[in-house]
Structures are given as structure tokens and as C-alpha cells.
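Q: Can you read through this structure? Questions will come right after.
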Amino acid sequence: MRRVELLSPAADLRTGILAIDAGADAVYIGPPCFGARAKAANSIHDIEALARHAHFFGARVYATLNTLLKDDELLEAQRLAWQLYGAGVDALIVQDMALLQMDLPPLPLHASTQTDNRSLDKVHFLQGVGFSRVVLARELSLEQIEAISQGCSVELEVFVHGALCVCYSGQCYLSEYLTGRSANRGECAQPCRYSYTLRTPSGQVLSQDRHLLSLRDLNHTPNLRQLLQAGVTSFKIEGRMKDVAYIQNVTAHHSQHLNSLVAQISGLRRSSWGSVECRFTPNPSRTFARPFTEYFLWGRPTTLVCADTPKALGEYIGPVAWVRGRRLGIRTHTQLANGDGLVVITPAGAVGLRADVVENEVVTSHQTLPSIDVGQPVWRNFAKVHTDQLGEGAAVRYLEVEAVLECGDHCELRHISDCGGASGDLACDGEENSQAVQHSTSATATSASPKCGASLTLSVFWGSRPISIAIPIPETTELAKNAEGQRKVWIKQLGISGFQQFKVTRAAVLGDAVPFLPIASINALRRRAMELLVSSVWRVSEAIPPLRMGSCSIPRIPYPTGSPRDFRLNIANHSALDFYRLHGVRGASITPIARFHTQGDELMRTKYCLRYELHLCPRQGACRQASPLILESGGKKLKLLFDCEKCEMVLEKL
4 MRRVELLSPA
14 ADLRTGILAI
24 DAGADAVYIG
34 PPCFGARAKA
44 ANSIHDIEAL
54 ARHAHFFGAR
64 VYATLNTLLK
74 DDELLEAQRL
84 AWQLYGAGVD
94 ALIVQDMALL
104 QMDLPPLPLH
114 ASTQTDNRSL
124 DKVHFLQGVG
134 FSRVVLAREL
144 SLEQIEAISQ
154 GCSVELEVFV
164 HGALCVCYSG
174 QCYLSEYLTG
184 RSANRGECAQ
194 PCRYSYTLRT
204 PSGQVLSQDR
214 HLLSLRDLNH
224 TPNLRQLLQA
234 GVTSFKIEGR
244 MKDVAYIQNV
254 TAHHSQHLNS
264 LVAQISGLRR
274 SSWGSVECRF
284 TPNPSRTFAR
294 PFTEYFLWGR
304 PTTLVCADTP
314 KALGEYIGPV
324 AWVRGRRLGI
334 RTHTQLANGD
344 GLVVITPAGA
354 VGLRADVVEN
364 EVVTSHQTLP
374 SIDVGQPVWR
384 NFAKVHTDQL
394 GEGAAVRYLE
404 VEAVLECGDH
414 CELRHISDCG
424 GASGDLACDG
434 EENSQAVQHS
444 TSATATSASP
454 KCGASLTLSV
464 FWGSRPISIA
474 IPIPETTELA
484 KNAEGQRKVW
494 IKQLGISGFQ
504 QFKVTRAAVL
514 GDAVPFLPIA
524 SINALRRRAM
534 ELLVSSVWRV
544 SEAIPPLRMG
554 SCSIPRIPYP
564 TGSPRDFRLN
574 IANHSALDFY
584 RLHGVRGASI
594 TPIARFHTQG
604 DELMRTKYCL
614 RYELHLCPRQ
624 GACRQASPLI
634 LESGGKKLKL
644 LFDCEKCEMV
654 LEKL
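Sequential numbering of the sequence shown, starting at 4, is according to this note's numbering.
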């Protein structure tokens, strides 16, 4: 069976646990440092706790060790890798090739999307030097993804939801140039979300104060089937800086869609186990969301940016019908609620307001409503009712348990476990518990009552592995005079789990000689059995089989000729320099973090094209605009060049 993985972001321990509970097969989380998100660092202790929770359901935890490293940070990064291994993480996501030169723990290495993985040759190279998984560039088409899958054996990971970087990942230096904060060091200032003015070289304004580089959010929900068929293993959600509501909502949404596809397509299974019960209806538009795009999966789309605002718009609900003072009429079929957050797109920009009082399609806000006019589009960027349903307990993940009371002389103590050597301990625990129950029920005995042996068995499947525990009920326990009535009592009480990670899906009493116990004693017996089952699952989960390691099949495999061999190699230390020289890159050198001193330095290369977006591309039949164009923000000017042969746009320092 081929594994299918839904990979969710975890800003911290709590978010990671809630993502697992919402249906994630794996989560990725930042360690104390070097995690490519300076504001999403976590302690080793918290990562260990997250791994323990994930492993209970066969889920995985990947640590992001994917910033560029300086020479004086290499030893610390190596120590951190070993600490993460000790904490139970299942793989490391890395960018800096210096890590491949280190003495690392036996963990699989995943090549971060920051390593700029756009071609089969590049992916094949990464496979050859020891990576077991490669995170592909978001810009690839389905045809390109399929070709890469067919041309290599490494696992492929693809982003299916979340924010998009306008530049090829790992190749953006705009934040460094404008603010001194390096995206490759986890400190991106997100200049792609700034407002810009676009001019011709002669000064003609083509677009004024618009968010011309701010892309829409990716959403591949309609394309999951095609991505599965193309050979993708892991479906990744962006958002380590997003809140709990977003993580729960988007994870549950994609998990449910993947479950449906796995049920329809033979030969597939989810890579973790356990059922998820959502107490809300997932809807990605009702937590943080810009308008959605499928990006370049099916070719070049006509609209990629959300130029009105870089912020979340949520779901479109309809146009303005009328405005009277602080009251707003909206033509909508969407059910609004008091406390919803709304955004109206006006010629002057996005206007946010709170729906303090809602009466059908009429909204009253306590704030003034400037610049709002009839016909302007209204979006809901905060859905109060939906958001209130999210958080602790909104999604519960559990293993399904069968609880069976076997009655009669044929009963035996049975304990099936994959833990090895544990059955004797559990049998002893069961006998002690049973004697306690016998003692608590002795007042109900009559000397003439018949006696028999019975045992309570709890069974669960951990993946394909059965785990069972059995607790004997001593033969001195009296039989119920009303067997059918007592049978119903047993079934009702055994159907109650009392443990969030378990749900009893079958409770049965087999045999005619039903033992009598008060409800309190039945509950005590069930709790003890559940405790033993939890312990058994923990022991099995601690021995979760490791993921496939990559292998360095060709130690000196040459670096692909089609990939950049200049400063875009992102060499920040001598160990990485040695790596690239070993693999045939001549003239490689360490690139200073702040290196932008001369006109013509390339700051960004992107598949997104402003000329195409503004319908000024010669291929669209428009008159040819002069190249370069000038992009200006905050007093700084950037030169836009257009590589029409590759259909790419380049931003340079002017």
C-alpha cells in the first residue's frame, strides 16, 4: 500500500497537538533556533511532548533545520540535530548543504523548498546525495510534477494550501536589500506584501499604490486527486505563523478530502491511523484566507495577485445594496452573525468594519462607514460563529476499541501484544484489580449463588497491528440472577471509554453466565483495562518504525548544469562551499548575507509576471511596453526585467 501524508504546520506544542487531532499525518515544527521562522521557535521539551502525542497515532514530527548557517553556527546546528533525534523527531527539513557534511543522527533528511527544487535534474541530484524526500517548488505544473515523480524514486512533497512566496523559494533577496533581514535566515520582512507604484522608464504611472507583488493564497483542494495520481507522497499546508483556528480548520478540510480519495482509489492508505471526529464543518474561507489560486498547476492564470490588500479577505458574501449612516445592506445568501468581521473593497482601498448588529442582510456597525458605495464587493474575513467552534475539543482523534466480556468455563486469560514480555505484567495487574472488585462486591453474594469465570478483553488496531489486553474476573464472582438485565448494564458501561484517545465502537457480552457487579465496580474494571490498553499502545508507539533513510548512491554526483551556480547557491559557510566544490561547482564562493552594493544585483526571479497580470504582455496582443519597468516603494526603486523566453520576471537593484 502506498502511504499518503497530510503535513500540517505547528507554531508550537499546542498547535501541533491540535493539528494531529484534526487529522494531520505529520507536523513540521521549528526548533529553538535555525528553523527559518525566527518567531516560531520551540523548546526541545515541547518538541518531545509533541512527538509523543503524534506517535500514539502513528503520526510523525519533522523539525525544520532550514536556515543558512554561518561557520560559527555549524557545531551548534549539529548538536541541535542530535537533541532533536533524542526528542523523537522523525526527520529533519534542511536547506544548508553543510548539514550533509556533518556527523548527523540516523534521521531522514528532507530537502526544503528553499533549496529551489524546480527540475528533475535537481531532484535527482538531491536524491543522489542522500535526501529521502524533496519539497517541490510551488510554481511547478502538474505535468512537471508527474515527470519528476517518474524520473526519480525519492518521496515528493507538494504544497497544497497557504500563502505563496512570489519568488522561487530560497532565491529571494528583496527583504535583505530593503530591510537587512534575510529570508534565508528566517527573518523575511515580507516586502512582497508592500504597496508599490509601477512606472515606465519615462515616468508614466501604470499602477499607483497597489499591492502588485502580493499573491493570492494557494488552494489545491480541487486537484488532490490529480496530485495523488502524479505520485505525490506528502501534501503540505503552509502556515507556521498562523493561529490555531487556521491550522485546525484547514487541516480538517484537507484530511476529509484525502480520506474520501483514499477510499475511492485502490492501493492507497493514510500514513497514520485513528479516526477524527470534527465538531465543526471545515471551510478554509472562514479562517485566514486571501482569495484562492491554483497557481501554475494548469498553466499561467490570468489573475494571481490580490492588489487591493495583502491581508485576509476570507469569503466573498456579496455586493453592497445600500448605505445609510452606519447601516449597510448587503445582497447575500450567506448567514451573517453579530461580531463578524467584514471588508469592503473601495477605490480608496480595503475598508474593514465589525458587524455589531445583524438583521438578515442588514448590518449595523458602531463605526463610521467611509467611502463605501453601492455595488462594492463585501468579504467576511472573520466568521464569529465558525471561529467560536474552533479550539480545544473542536476535533477529537481516537483509536477504535472493542470491549468484550466473555463468560463461561471456556474463558481464558488472553493478552495479545506487540510489546514483547508485557503480558505477564498485565496479567498480574489484572488479577490484583479483579480481587479488588471481588472485595467490593462481596456484600451482594449469596451462598447459594452459582459462580463462573469470565474475562474482560479490550482490543484495538494500531495500524495493522492488533493490541489486546484481558482482565480476568475470578470464578468467585456471583452470576446475575437476571442475566439479560445485567448483560444490558455491562454493554452500556463498557460502551463508555473515559479516555479521549479511545472510542468504544463495539461492546458485547458473550455467553449465558453473566457475572453480577455493581455499576461502580464495572466502571472501575473498565478504567483499569483502559489504562492498561493506553500503556500497551504507548509501548508500541515508542517503537514506531523509522522512516526510509536516503542513501548517497554516488558520493561525487555532479551538480546539475541547468541549476544556478552563482550567488543563488546560497553558500554561507566553508562546509557548504566544500560540498559544492566536491560536486563539481567551479568558482563557487561564500556569499555575504548583505551583498547588494552595485546596480544590477538580482533581488528576485519569479514566474509571476506583472506585465501579464496587467494585460501588457506582448503575448496577450497588447502593445509592447518598454523594458525595464520601474517598481517603487518607500523611496526605493527596483528595475523590472522580463525574460520572455523563460516567461519569468526579474527584479534588480536600480
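All residues carry an ideal CB built from backbone N, CA and C; glycine is no exception. All of these numbers come straight from a predicted model, not from anything done at the bench.
(1) If we count Cβ pairs, one from each stretch, closer than 8 angstroms, do we get three or more for the segment 390-400 versus the segment 281-296?
(2) Figure out for me which residue from Phe59, Ser185, Cys170 and Arg6 has the closest Cα to the Cα of Glu158.
(3) Taking its Cβ as the centre, do 16 or more other Cβ atoms sit within 10 Å of Trp301, making it buried, or is it exposed?
(4) Using DSSP's beta-bridge definition, name the partner residues of Val326.
(5) Counting along the chain, where does the beta strand (DSSP E) carrying Asn262 start and finish?
(6) CA-CA distance, Pro111 and Arg136?
(7) Rounding to the nearest angstrom, what Cα-Cα distance links Ser172 and Tyr31 in this structure?
(8) Using the C-alpha atoms, what's the distance from Gly344 back to Val388?
(9) Count the CB pairs spanning the segment 246-259 and the segment 285-297 that are closer than 8 angstroms, and state whether there are at least three.
(10) Is it buried or exposed for Gln504, if we count other Cβ within 10 angstroms and need 16 for buried?
(11) When we look at the beta-carbon of Leu632 and count the other beta-carbons within 10 Å, is it buried (16 or more) or exposed?
(12) Any idea which residues DSSP pairs Tyr199 with across the strands?
(13) My output table needs one value for Trp301: the three-state DSSP class, helix, strand or coil.
(14) How should Pro194 be labelled, buried or exposed, when 16 other C-beta atoms within 10 angstroms of its C-beta is the threshold for buried?
(15) Measure the CB-CB distance between His257 and Leu9 and report whether it falls below 9 angstroms.
(16) Rounded to the nearest angstrom, what separates Leu53 and Gly19 at their Cα positions?
(17) For Ile96, which three-state DSSP category applies?
(18) Among Leu218, Arg334, Val360 and Ile268, which one has its Cα closest to the Cα of Phe295?
(19) How would you write the range of the beta strand (DSSP E) that Val7 sits in, first residue to last?
(20) By DSSP's criteria, Gly565 is part of a beta bridge. Which residues make up the other side?
(21) Give the secondary structure of Gly165 by DSSP, where H, G and I count as helix, E and B as strand, and everything else as coil.
(22) Considering only C-alpha positions, which residue in the set Leu634, Glu648 and Ala486 is nearest to Arg622?
(23) Is Pro34 helix, strand or coil when you go by DSSP?
(24) In three-state terms, what does DSSP make of Glu651?
(25) Among the residues of its own chain, which have a CB less than 7 angstroms from the CB of Ala2, if the five just before and after it don't count?
(26) Going along the chain, which unbroken runs of the beta strand (DSSP E) with 3 or more residues stay wholly within the segment 367-410?
(27) What are the start and end residues of the alpha helix (DSSP H) that includes Gly131?
(28) Might you give, ordered along the chain, the residues of its own chain that have their beta carbon closer than 8 angstroms to the beta carbon of Trp276, omitting 5 neighbours on each side?
(29) DSSP puts Phe291 in a beta bridge; with which residues?
(30) Under 6 angstroms Cβ to Cβ from Leu511, same chain only, skipping five residues before and after it: list those, please.
(31) Please report the distance separating the alpha-carbon of Glu651 from that of Thr306.
(32) Tell me where the beta strand (DSSP E) around Gly344 begins and ends.
(33) What are the start and end residues of the beta strand (DSSP E) that includes Ala591?
(34) Can you check which of these residues, Trp493, Arg334, Phe645 and Glu545, is closest to Arg608 by C-alpha distance?
(35) Between which two residues does the alpha helix (DSSP H) holding Arg529 run?
(36) Would you say the segment 190-207 touches the segment 146-161, given that touching needs at least three Cβ pairs under 8 angstroms?
A: Walking through what the data contain:
(1) yes
(2) As a first step, residue 158 is located in the sequence shown; it is residue number 155 there, counting from the start. For the residues Phe59, Ser185, Cys170 and Arg6, the minimum Cα distance to Glu158 belongs to Arg6.
(3) As a position in the sequence shown, residue 301 is number 298, starting the count at 1. Exposed.
(4) By 1-based counting over the sequence shown, the position of residue 326 is 323. In the DSSP output, where bridge partners are listed per residue, Val326 has Leu331.
(5) Mapped onto the sequence shown, residue 262 falls at position 259. Premise fails: Asn262 lies in the alpha helix (DSSP H), Val247 to Gln267, not in any beta strand (DSSP E).
(6) By 1-based counting over the sequence shown, the position of residue 111 is 108. By 1-based counting over the sequence shown, the position of residue 136 is 133. Whole-angstrom Cα-Cα distance: 8 angstroms.
(7) The residue you call residue 172 lines up with position 169 of the sequence shown. The residue you call residue 31 lines up with position 28 of the sequence shown. Their backbone Cα atoms lie some 17 angstroms apart in a straight line.
(8) To locate residue 388, count along the sequence shown from 1; it is residue 385. To locate residue 344, count along the sequence shown from 1; it is residue 341. If I take the Cα positions, the gap works out to 11 angstroms.
(9) yes
(10) Counted from its first residue, the sequence shown places residue 504 at position 501. Buried is the call here.
(11) Looking up residue 632 in the sequence shown gives position 629. By the neighbour-count rule (16 or more Cβ atoms within 10 Å), Leu632 is buried.
(12) To locate residue 199, count along the sequence shown from 1; it is residue 196. DSSP, once it has assigned bridges, lists Arg213 as partnering Tyr199.
(13) The residue labelled residue 301 in the question sits at position 298 within the sequence shown. The answer is coil: DSSP assigns Trp301 none of H, G, I, E or B.
(14) Translated into positions along the sequence shown, residue 194 becomes position 191. Burial call: buried.
(15) As a first step, residue 257 is located in the sequence shown; it is residue number 254 there, counting from the start. As a first step, residue 9 is located in the sequence shown; it is residue number 6 there, counting from the start. Cβ atoms of His257 and Leu9: closer than 9 angstroms.
(16) Mapped onto the sequence shown, residue 53 falls at position 50. Mapped onto the sequence shown, residue 19 falls at position 16. In a straight line, the C-alpha of Leu53 is about 7 angstroms away from that of Gly19.
(17) Sequence index remark: in the sequence shown, residue 96 carries index 93 (1-based). Here Ile96 sits in strand by DSSP.
(18) Residue numbering aside, residue 295 sits at position 292 when the sequence shown is read from its first letter. Comparing Cα-Cα distances from Phe295 to each of Leu218, Arg334, Val360 and Ile268, the minimum goes to Leu218.
(19) Walking along the sequence shown from the start, residue 7 turns up at place 4. Residues Arg5 to Ala13.
(20) By one-based count along the sequence shown, residue 565 stands at place 562. Answer is none; Gly565 lacks a bridge partner.
(21) Residue numbering aside, residue 165 sits at position 162 when the sequence shown is read from its first letter. Looking at Gly165 - three-state DSSP - the assignment turns out to be strand.
(22) One-based indexing of the sequence shown puts residue 622 at position 619. Per the Cα distances, Glu648.
(23) Within the sequence shown, the letter at position 31 stands for residue 34. Three-state DSSP puts Pro34 in coil, outside helix and strand.
(24) On the sequence shown, residue 651 is found 648 positions in, with the first residue counted as 1. Glu651 falls in the strand class under three-state DSSP.
(25) The shown model of the chain, from 4 to 657, leaves out residue 2, and the question about it has no answer.
(26) 380-385 and 398-410
(27) For this step, residue 131 is matched to residue 128 along the sequence shown. From DSSP, the alpha helix (DSSP H) with Gly131 extends over Leu123 to Gly131.
(28) Sequence index remark: in the sequence shown, residue 276 carries index 273 (1-based). Only Phe60, Gly61, Leu402, Phe464, Trp465 and Gly466 meet the Cβ criterion.
(29) Taking the sequence shown and counting its residues from 1, the one referred to as residue 291 is at position 288. None, per the DSSP bridge assignment.
(30) Residue numbering aside, residue 511 sits at position 508 when the sequence shown is read from its first letter. Strictly speaking, residue 511 in this sequence is Ala, with Leu absent from that position. Excluding sequence neighbours, Ala511 sits near Val407.
(31) By 1-based counting over the sequence shown, the position of residue 651 is 648. By 1-based counting over the sequence shown, the position of residue 306 is 303. Going from the Cα of Glu651 to the Cα of Thr306 covers about 16 angstroms.
(32) The sequence position of residue 344 within the sequence shown is 341, counting from 1. Element bounds for Gly344: Asp343 to Thr349.
(33) Your numbering for residue 591 matches position 588 in the sequence shown. Looking at the DSSP string, Ala591 is not in any beta strand (DSSP E), and its letter there is neither H nor E.
(34) Reading the sequence shown from its first residue, position 605 is the one you call residue 608. Among Trp493, Arg334, Phe645 and Glu545, the Cα nearest to that of Arg608 is on Phe645.
(35) Here the question's residue 529 lines up with position 526 in the sequence shown. Taken as a continuous stretch (DSSP letters only), the alpha helix (DSSP H) holding Arg529 covers Ile522 to Glu545.
(36) no
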